[in-house]
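Q: So that we are looking at the same thing, I have put the structure below in structure tokens.
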Amino acid sequence: MLSWLVPQASTSARDIDWLFALILVTVGFWFVVAQAALFTFIFRFRRRPGVAASYISGERKEEKRWISRPHALVIVCDVVLIVGALLTWKAVKQDLPPADERIRIVAQQWAWVFVHPGPDGKLDTEDDVRTVNDLRLKIDTTYHFELTSRDVVHSFSVPAFRLKQDAVPGRIVTGWFRPTRLGTYDIQCAEICGIGHALMPARLTIETPAEHAAWYASRSAQGG
């Protein structure tokens with residue numbers, strides 16, 4: 000449903016949008032029911048000449064049913080939403096699938112630094128490939144990321160991934176994503192981090208394996 004406005008570019012985006020749609024449909028259903036009942040009662044029990052109002056105490060069994068039955072249905076819907084939220088959280092946050100690639104994301108005032116392992120396949124070595132405000136990923140590849148900050152709290156936000164994760168100084172936050180759609184997308188900081196906060200956008204490019212290999216080779220040849 001959100002994909003009408005922001006495209007889905009990762010497996011997590013589908014999971015998040017599914018949960019959003021479930022909440023929207025459930026809440027929308029009860030909104031329509033409540034408004035329909037409200038306007039029905041307003042019209043049916045409107046003031047009329049010669050008709051005296053009567054007080055309903057809510058103590059009779061048939062009156063209590065109008066309270067207990069809707070409450071029971073609402074509780075059932077709440078349970079469905081809670082289960083859906085837990086399943087989505089587990090799929091997106093708790094379950095960490097095996098990694099095809101690893102990257103490091105470092106936030107700072109006011110830029111994003113992305114570090115790919117060099118030809119040796121290891122981070123923190125001389126052949127690491129570093130870019131600033133330009134993240135290149137292969138489609139259909141599972142990435143594990145390490146997210147941190149050099150100065151203040153930032154928030155790594157990729158709307159097309161439905162991803163938003165705080166970057167905290169002195170702490171490494173791990174996570175994962177799997178790109179599923181080619182194209183160029185926005186990266187932004189979603190936490191006010193100083194006077195240059197608005198000047199902290201970055202670009203995410205999801206490429207085919209051949210395109211990514213060509214880019215990686217050119218960066219490696221330049222020494223990262």
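Numbered per numbering that gives the first Met the number 0, the sequence shown spans residues 0 to 223. Cβ coordinates follow ideal geometry from the N, Cα and C atoms, glycine included. Here the structure is a predicted model, which is why all the values come from computation and not from measurement.
With distances taken Cα to Cα, identify the nearest neighbour of V152 among F160, A166 and A159.
A: In the sequence shown, residue 152 corresponds to position 153, counting from 1. Answer by Cα proximity: A166.
Q: Please classify Y142 as buried or exposed, where buried requires at least 16 other C-beta atoms within 10 Å of its C-beta.
A: As a position in the sequence shown, residue 142 is number 143, starting the count at 1. With 16 or more other Cβ atoms within 10 Å, it is buried.
Q: Please classify R59 as buried or exposed, where buried requires at least 16 neighbouring CB atoms within 10 angstroms.
A: Taking the sequence shown and counting its residues from 1, one reaches residue 59 at position 60. Exposed.
Q: Can you name, in chain order, every residue of its own chain whose Cβ lies under 6 Å from the Cβ of L134, other than the five neighbours on each side?
A: On the sequence shown, residue 134 is found 135 positions in, with the first residue counted as 1. Same-chain partners within the cutoff: F113 and L203.
Q: What span of residues does the beta strand (DSSP E) with S51 cover, start to end?
A: As a first step, residue 51 must be located in the sequence shown, where it is residue number 52. The question names Ser, but residue 51 in the sequence shown is Ala. Note, A51: premise wrong, no beta strand (DSSP E); not H, not E.
Q: CB-CB under 7 Å to Q108, same chain, minus the five flanking residues each way: which ones, in chain order?
A: For the purposes of this step, residue 108 is taken as the residue at position 109 of the sequence shown. Result list for Q108: D150, V151, C192, G193 and G195, in chain order.
Q: Could you pull out every residue in the same chain whose Cβ sits closer than 7 Å to the Cβ of P208, ignoring the five residues on either side in sequence?
A: Position 209 of the sequence shown, counted from the start, is the residue given in the question as residue 208. If we look at P208 and ignore the five residues flanking it on each side, its Cβ neighbours are K137.
Q: Count Cβ pairs between the segment 163-182 and the segment 91-106 that sit closer than 8 Å; are there 3 or more?
A: yes
Q: Closest by CA to A71, which one among D119, W29 and R129?
A: Here residue 71 refers to the residue found at position 72 of the sequence shown. Out of D119, W29 and R129, W29 has the C-alpha closest to the C-alpha of A71.
Q: Could you spell out the range, first to last residue, of the alpha helix (DSSP H) harbouring G174?
A: For the purposes of this step, residue 174 is taken as residue 175 along the sequence shown, with counting starting at 1. Taken as a continuous stretch (DSSP letters only), G174 belongs to no alpha helix (DSSP H), being part of the beta strand (DSSP E) at V172 to F176.
Q: Helix, strand or coil: how does DSSP classify K137 here?
A: Counting from one through the sequence shown, the residue named residue 137 turns up at place 138. It is a strand residue.
Q: Going by Cα to Cα distance, which pick from L85, F38 and V75 is closest to W17?
A: Position 18 of the sequence shown, counted from the start, is the residue given in the question as residue 17. Among L85, F38 and V75, the Cα nearest to that of W17 is on L85.
Q: Applying the 10 Å Cβ sphere with the 16-neighbour rule, what's the burial state of S9?
A: In the sequence shown, residue 9 corresponds to position 10, counting from 1. That one is buried.
Q: Just confirm the distance between the C-beta atoms of T130 and P178, as a whole number of angstroms; I'd bet it's less than 8 Å.
A: Taking the sequence shown and counting its residues from 1, one reaches residue 130 at position 131. Taking the sequence shown and counting its residues from 1, one reaches residue 178 at position 179. Between P178 and T130 the Cβ distance is about 16 Å, and since that is not below 8 Å, they are no contact.
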